[in-house]
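Data block below; observations after.
There are 2 protein chains.
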Amino acid sequence: MGGDNAPAIEVAGAVAAAREYGIPITLVGDTERLRQELDKHDVRGLDISLHHASEVVGMHDAASDAVRRKKDSSIRVAFELVKSGEADVVVSAGNSGATMAAGMFVLKRLKGIDRPAIAQIFPTLRGKTLVLDVGGNVDCKPIHLVQFAIMGEVYARHVIGVDQPRIGLLSNGEEDSKGNELTRETNSILKNISFEYVGYVEGRDIFNGMVDVVVCDGFVGNVVLKLSEGLADAVGKMLKYEIKRSFLSKLGYLFVHKAFKNFKKKVDYAEYGGAPLLGINGVAMICHGGSNVKAIKNAIHFAHEYARKGVNQRLAEKLETEFVAYMQQRDAVKEAVAG
Amino acid sequence: MGGDNAPAIEVAGAVAAAREYGIPITLVGDTERLRQELDKHDVRGLDISLHHASEVVGMHDAASDAVRRKKDSSIRVAFELVKSGEADVVVSAGNSGATMAAGMFVLKRLKGIDRPAIAQIFPTLRGKTLVLDVGGNVDCKPIHLVQFAIMGEVYARHVIGVDQPRIGLLSNGEEDSKGNELTRETNSILKNISFEYVGYVEGRDIFNGMVDVVVCDGFVGNVVLKLSEGLADAVGKMLKYEIKRSFLSKLGYLFVHKAFKNFKKKVDYAEYGGAPLLGINGVAMICHGGSNVKAIKNAIHFAHEYARKGVNQRLAEKLETEFVAYMQQRDAVKEAVAG
């Protein structure tokens, strides 16, 4: 109920996912409004049910306050359904801070994780790069970024299927002398953990495929995410503008428009649908507030695949065991330094 | 002497600027190395002189320490030439933090400015957006961002020629409840200053031309800058890859390649050449460490135009008077609130 165009887009996306992939879906929110939207679609034979929630956390609400106060908010009720076993995954295009807060509040965090992170997959020249956090955690301490790095590494290995994921810390330069207070301390801790940590990476490295995981705080990650979408969009428009300036190139466009379409598909966030929320004891998929029907459909599809394949359970186990092992290394290092 | 490919690229760029625009240039650095490079070019009739400096601040050096320690570094000597009146402008592709530090150290800051900022112009769908700081100031206090906002406003009005520049503060969402500790306090101060402050803007707004000036700290600004370059490059490559996959679209490319070229020219940082350093008592143009010859040539050209038109002097006057006026407003507001 909290998305920019809720619940029309969400309902349409759910109907599309139910029809295309046969996924059973429970719509959580104001059942009267949801029913109105459902009536616009042909839902015969689809396994779509409704579950009432009287409140909504809006985009302007302070996330964790609102989640605590609004006991009957759609996002909180949705997580309750997962907790009680009536649902396997939460998919939301509402306030992402609230989704994170509700996930923590209802499902609790995995052992050793202070703050869950939203992990967004970016298409690159060769493969994919996972960037986290792109959401809620705007003011981070070094230990939070270290946790993001470990979660990203485990996710890249066990879900994306990278053998030895390379991890980079986003900074304003490659040299150790660069960075701000937060990244400098994080950098020195990450060097002591036994995974493929390559050190600082720069903004450009997100798209050249140099690393598999890029770690940053949620403020920077969110700027990165929205800048990328805005720029890919602007680049497409600028190119089209240039092409339409001459008759010959307009003619040429007839031949290349399929390439444009393929390209757009590659960078279109709607293809990925949503970003998984890592670090809570369950699966949640976070979508853009302004998601279109296709994005919602794909997010539900990916979320369903995760749940079906037990990805999240495996991830939770791995996160807990490997996280503890990593952190013990860190303690050992600290003790060695102190001693 | 401090650029990634110094001094070969710098010398070639200087020769090109001297030849194309008749600009008199002093090359500052190891005169033996500079002479070697100059000998590769035909410099007859060009007004190029050499000035010796025995030291170099490298990319790995901690900027302000190195500038203080290395009295005879090329960047410091170059600013000394401006101070003594032997030169009008410094152009550097070296360590940008060092350029900033040397500029402050030798030429001093303008009245009321605690920290100078590097202001980068980004091409957008309609016009240009100035983003500052994109450099040295990685850990900022709210007052620094306020100063960046005022400098950006004055620059947009008096140099870019925007009547009433619209200012935005880069954040992770438009709502006042978003942002981190730094932006939330900055946001509340900026609302009390009598310019066109639109509030928070997001990453995507840099390229849609919604505002004329985007304010952020140097860490975030640097990520934005490098991400944009990386993404524009990746987008071009991805599109070409898609086009070359079929014969028909390869054929079509013959007709659209000029559009691609025009587009590339629009987003190519080399066309802008450098980013002015605002807030010091003089003109300096900061180029990428990895600048090509064209970027150096254009940076020298723009810097020369600034000096020739007295832009910087006017800017300095405006900055000082308007800055003080703005800050007085702020004091008045604070007193009103306190009283």
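As they're listed, the protein sequences go chains A and B. Under the numbering used here, the first residue of the first sequence carries the number 161, and numbering increases by one thereafter. Under the numbering used here, the first residue of the second sequence carries the number 161, and numbering increases by one thereafter. All C-beta atoms, glycine included, are put in the ideal place defined by N, C-alpha and C. No experiment lies behind these values; they were computed from the predicted model shown.
Alpha-carbon spacing of residue i relative to residue j, whole angstroms
i               : j               : result
G450 of chain B : V322 of chain B : 31 Å
S252 of chain B : I456 of chain B : 9 Å
H153 of chain A : G163 of chain A : Outside the displayed span of chain A (161 to 499) sits residue 153 of chain A, for which this structure offers no information.
E335 of chain A : I273 of chain B : 28 Å
S214 of chain B : A463 of chain B : 25 Å
A467 of chain A : V443 of chain A : 7 Å
L350 of chain A : P184 of chain A : 42 Å
L391 of chain A : V242 of chain A : 37 Å
Q280 of chain B : K410 of chain B : 35 Å
T186 of chain B : H211 of chain B : 7 Å
V361 of chain B : S337 of chain B : 13 Å
L194 of chain A : P167 of chain A : 7 Å
V416 of chain A : L285 of chain B : 22 Å
T481 of chain B : N452 of chain B : 37 Å
L330 of chain B : L399 of chain A : 26 Å
V294 of chain B : P436 of chain B : 11 Å
F265 of chain B : F379 of chain B : 22 Å
G257 of chain B : L305 of chain B : 17 Å
M445 of chain A : N458 of chain A : 10 Å
A316 of chain B : G439 of chain A : 44 Å
I208 of chain A : A261 of chain A : 26 Å
E431 of chain A : V250 of chain A : 18 Å
S224 of chain A : I235 of chain A : 12 Å
V319 of chain A : M161 of chain B : 47 Å
Chain A contact residues for residue i, given Cβ-Cβ distances below 8 Å
i               : result
I403 of chain B : V416 and A419
L399 of chain B : L399, A419, F420 and F423
One or two residues paired with residue i in a DSSP bridge
i               : result
Y357 of chain B : B:I327
I460 of chain A : DSSP lists no partner for I460 of chain A.
S388 of chain A : According to DSSP, which records beta bridges pairwise, S388 of chain A is partnered with nothing at all.
M370 of chain A : Bridge partners of M370 of chain A: none, in fact.
T535 of chain A : Nothing about residue 535 of chain A can be read from this structure; chain A reaches only from 161 to 499.
L437 of chain B : B:I278
E215 of chain B : B:S233
K469 of chain A : Its beta-bridge partners do not exist; DSSP assigns none.
T186 of chain A : A:S209
M445 of chain B : B:V251 and B:P436
L285 of chain B : In DSSP, L285 of chain B forms no bridge with anything.
L290 of chain B : B:I281 and B:V373
R269 of chain B : B:I440
Contact set between residue i and chain B, taken where Cβ atoms lie within less than 8 Å
i               : result
T284 of chain A : A394
Contact set between residue i and chain A, taken where Cβ atoms lie within less than 9 Å
i               : result
G390 of chain B : E362, G363, R364, D365, I366, F367 and N368
K292 of chain B : Here residue 292 of chain B is Leu; the residue named in the question, Lys, does not match the sequence. Residues of chain A passing the Cβ test: none, with the nearest at roughly 14 Å.
Cβ-based burial, residue i [other Cβ within 10 Å; buried from 16]
i               : result
E246 of chain B : exposed
F282 of chain A : buried
E341 of chain B : exposed
K200 of chain B : exposed
Y413 of chain A : buried
R229 of chain B : exposed
K469 of chain A : exposed
A277 of chain A : buried
Q500 of chain B : Any question about residue 500 of chain B goes unanswered here, given that chain B covers just 161 to 499.
A177 of chain B : buried
E500 of chain A : Nothing can be reported for residue 500 of chain A, as the shown portion of chain A is limited to 161 through 499.
E180 of chain A : exposed
H220 of chain A : exposed
D202 of chain B : exposed
Amino acids of chain B, ordered along the chain, whose beta-carbon sits closer than 7 Å to that of residue i
i               : result
E341 of chain A : D299
H220 of chain A : E335 and S337
L408 of chain A : F415
Interface residues of chain A facing residue i [CB-CB closer than 7 Å]
i               : result
N422 of chain B : E402
L411 of chain B : F415
L270 of chain B : Simply none; closest approach about 24 Å.
Residue-level contact to chain D via CB, residue i, 8 Å cutoff
i               : result
P302 of chain B : The chain inventory of the structure shown lacks chain D, comprising the protein chains A and B.
Checklist entry - Between the region 299-331 of chain A and chain B, which residues of the former have a C-beta closer than 7 Å to a C-beta of the latter? => result D299 and L330
Item to check | Where the region 377-388 of chain B meets chain A: residues whose CB sits under 9 Å from a CB there | outcome: D377, G378, F379, V380, G381, N382, V383, V384, L385, K386, L387 and S388
Next on the checklist: Counting only Cβ-Cβ distances shorter than 9 Å, please list the residues of the region 431-443 of chain A near chain B, keeping chain order.
Outcome noted: none
Checklist entry - Using a Cβ cut-off of 9 Å, which residues of the region 343-357 of chain B contact any Cβ in chain A, in chain order? => result T343
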